[in-house]
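Below is one structure, written out as structure tokens, with a few remarks after it.
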Ligand SMILES: [Fe+2]
Ligand SMILES: [Fe+2]
């Protein structure tokens, strides 16, 4: 007959296995300092003379990262906020401000593209490795609709009566999507990861972000 001690041993073995799986994850390697790979890459870039453009990208990404306390979820939260502010500027435009609308849609496209790239290349795969597949798939599915809204806005006459209602609908999707990430998925995932794993995710995400700057 199984005793309470047996089931406790089984439970602790389960926990050990989970920890071991986590340690084997692609997101668990690397040093204590999540910024180390970036700094190493910067030194390598300087050594072979990659130059000013690369340095500009590096500074842009690292200043965003430092402002957010060098935590991947805080960086993404800042980007959500900046993106929603762009939507608000767009919603404040008049129908005859077509040049301004074109420029803001372009800025929105750039910001959303970079943000989605970081999440799709690093955060969502890390979620799937931690068995958070349902949430990762749901969020990535919504990114498809983000691209659809961008396509619609880019190909719409900027003085169309449909322009602002489409922006409003698009903003609501982004707000809801960001809320799910910020309030449900990301805090739970961050808490489940070790400090080292979170630093690794931040480092990988910054590298992907730099590719899009
Ligand atoms: Fe997202
Ligand atoms: Fe996001």
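In UniProt numbering, the protein residues as written are 1 to 213. For each residue, glycine too, the CB sits at the ideal point set by N, CA and C. Quick caveat, the model's predicted, so the values are computed rather than measured.
A residue is called buried once 16 or more other Cβ atoms fall within 10 Å of its Cβ, and residue 105 is buried on that count. The C-alpha of residue 184 lies about 24 Å from the C-alpha of residue 86. By the criterion of a C-beta distance shorter than 8 Å, residue 142 is surrounded in its chain by 173, 177, once the five residues flanking it on both sides are discounted.
Pairwise C-beta distances place the stretch 113-124 in contact with the stretch 190-210, as three or more of them are shorter than 8 Å. The C-alpha of residue 153 lies about 11 Å from the C-alpha of residue 146. Under the three-state reduction of DSSP output, residue 213 falls in the coil class, being neither helix nor strand. At a threshold of 7 Å, residue 177 counts as near ligand 1, since its beta carbon sits closer than that to one of the ligand's heavy atoms. Look at the beta carbons and you see the stretch 79-96 not touching the stretch 124-132: under three pairs across the two are nearer than 8 Å. C-alpha of residue 200 to C-alpha of residue 190: approximately 12 Å in a straight line. A buried status is given to residue 114, since no fewer than 16 other beta-carbon atoms sit within 10 Å of its beta-carbon. Around the beta carbon of residue 169, fewer than 16 other beta carbons lie within 10 angstroms, which makes this residue exposed.
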